[in-house]
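Asker: Letter by letter, the sequence shown follows residues 2 to 129 of the working numbering. Beta carbons are placed, not taken as given, at the ideal position from N, Cα and C, and that holds for glycine.
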Amino acid sequence: MFEINMTINERLRDIRDLKDAISSLENDKLELEKTYPVQSRRIRKKKARLLVAIRGIKVKRQRMIDLINQLSDENQRKILTLQYIEGVKDKHLVEVSGLKDYREVSSIRQKAIKNLERLQKQLEQPQA
């Protein structure tokens, strides 16, 4: 389902960073279309590769969103979504989440990551 040998923390950071990659690739595609309104075969191939890359990244992000959404605790879902999907920085998490302090945010995040690890293991086990 996910990359081999990556921890949940690494996957979450990867997903957070991929948000910028999507924007960059979409900008490249728009620039290509603007620069070459009449597209040669080479340009069409490059555009197709960009679209495949964008789609792949979006699928990867959606898998993580789906996994996060399986968490039963609303605060855990909220913290992980804010930080890793929406890209809210640590210093703004308390304010945006509505929680009382950073210690609470940190505690919820740690529990959420442990629960994600459990969920992932359950999903990876063969169904009997």
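State the DSSP-derived secondary structure class of residue 88, mapped to helix, strand or coil.
Answerer: coil
Asker: Measure the C-alpha to C-alpha separation of residue 26 and residue 117 and round it to an integer number of angstroms.
Answerer: 29 Å
Asker: Taking the beta carbon of residue 103 as the centre, do at least 16 other beta carbons fall within 10 Å, making it buried, or is it exposed?
Answerer: Result: exposed.
Asker: With 8 Å as the threshold, decide whether the Cβ of residue 45 is near any Cβ in chain B.
Answerer: Among the chains in the structure shown there is no chain B, since it carries only a single protein chain.
Asker: Would you kindly check if the distance between the Cβ of residue 110 and the Cβ of residue 65 is under 8 Å?
Answerer: Pairing residue 65 with residue 110 gives a Cβ-Cβ distance that is not under 8 Å.
Asker: When DSSP labels each residue in this structure, what does residue 37 get in the three-state scheme?
Answerer: coil
Asker: Just to confirm, is the Cβ distance from residue 28 to residue 114 under 8 Å?
Answerer: no
Asker: Closest to residue 15 by C-alpha separation, out of 84, 41, 31 and 106, would be which residue?
Answerer: 84
Asker: Can you check whether the CB of residue 77 is closer than 8 Å to the CB of residue 112?
Answerer: yes
Asker: Which word fits residue 62, buried or exposed, when buried means at least 16 other C-beta atoms lie within 10 angstroms of its C-beta?
Answerer: By the neighbour-count criterion, in which a residue is buried when 16 or more other Cβ atoms sit within 10 angstroms of its Cβ, residue 62 is buried.
Asker: Assign residue 2 to one of two classes, buried (16 or more other C-beta atoms within 10 Å of its C-beta) or exposed (fewer than that).
Answerer: Residue placement at residue 2 is poorly supported in this model, since its pLDDT is 43, which falls under 50; the coordinates still yield a value, given next. Residue 2 should be labelled exposed.
Asker: Exposed or buried, residue 59, counting other C-beta atoms within 10 Å across all chains shown (16 or more means buried)?
Answerer: exposed
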